[in-house]
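With numbering that gives the first Met the number 0 as the guide, the letters of the sequence shown map in order to residues 0 to 155.
C-beta atoms are modelled at their ideal positions from N, C-alpha and C, and glycine is treated no differently.
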Amino acid sequence: MKRIIMVVTIFIVLGIISITVFYFVKPSIFLYNNTNKIIYVYSSESTYGVEPNEKEVEEIIKMKPDVIDPGETLKLAPSILSLLKKNIRKDTGWRIGGRYSFNSVGGGGQAFMLTRASGVCSVLITINDNKSELEEIEKSYCYKKIKPFKDSYPNG
0 MKRIIMVVTI FIVLGIISIT VFYFVKPSIF LYNNTNKIIY VYSSESTYGV
50 EPNEKEVEEI IKMKPDVIDP GETLKLAPSI LSLLKKNIRK DTGWRIGGRY
100 SFNSVGGGGQ AFMLTRASGV CSVLITINDN KSELEEIEKS YCYKKIKPFK
150 DSYPNG
């Protein structure tokens, strides 16, 4: 009986340590709202080059955005499962002032690849009224890096 309790305790402790380690070594995307309007942020993960299936499309349509108030920052990080897979793409898009194109005053987005080879551990996207600025932030270590795509989504 003592042996079973000891084994279960060891597994629980190892699980907590693993989750903690993965939490702190994930790459991060920070979005800073440098406007005087609310920003609605949509973020998704997918396998690069693979079209989403019906269930994934349905999830994208029903997605509720994160909200960034003026002067606030939002942190986005990939899921633990995405860190374990290959060719994962993280898409981040935003709308300024409204959730949809008809009631917003602008928007934009940026796509990232999760990779072990090149990239950075953390980026800051400063969202202004008419443009966004991408800045790399130094972080000592992360399990996988994020590499911004050269072509970002157009504003609007």
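The alpha carbon of residue 32 has as its nearest neighbour, out of 145, 127, 133, the alpha carbon of 127. Taking the Cα of residue 136 as reference, the smallest distance to any Cα among 100, 89, 124 is reached at 124. Listed in chain order, the non-local C-beta contacts of residue 86 below 6 Å within the same chain comprise 46, 47, local neighbours out to five positions each way being set aside.
Per DSSP, residue 143 lies in no beta strand (DSSP E) segment and is marked neither H nor E.
In the three-state reduction of the DSSP assignment, residue 34 falls in the coil class, being assigned neither a helical nor a strand state.
A straight line joining the alpha-carbon of residue 105 with that of residue 69 spans about 15 Å. Under DSSP, residue 40 shares a beta bridge with 65, 93. DSSP places residue 54 in the helix class (H, G or I) of the three-state scheme. The Cβ atoms of residue 95 and residue 34 sit closer than 8 Å to each other.
About 5 Å separates the Cβ atoms of residue 141 and residue 24, confirming a contact at the 8 Å cut-off. Residue 64 and residue 111 have their alpha carbons spaced roughly 18 Å apart. Contact between residue 119 and residue 144 is confirmed by a C-beta separation of about 6 Å, below the 8 Å threshold.
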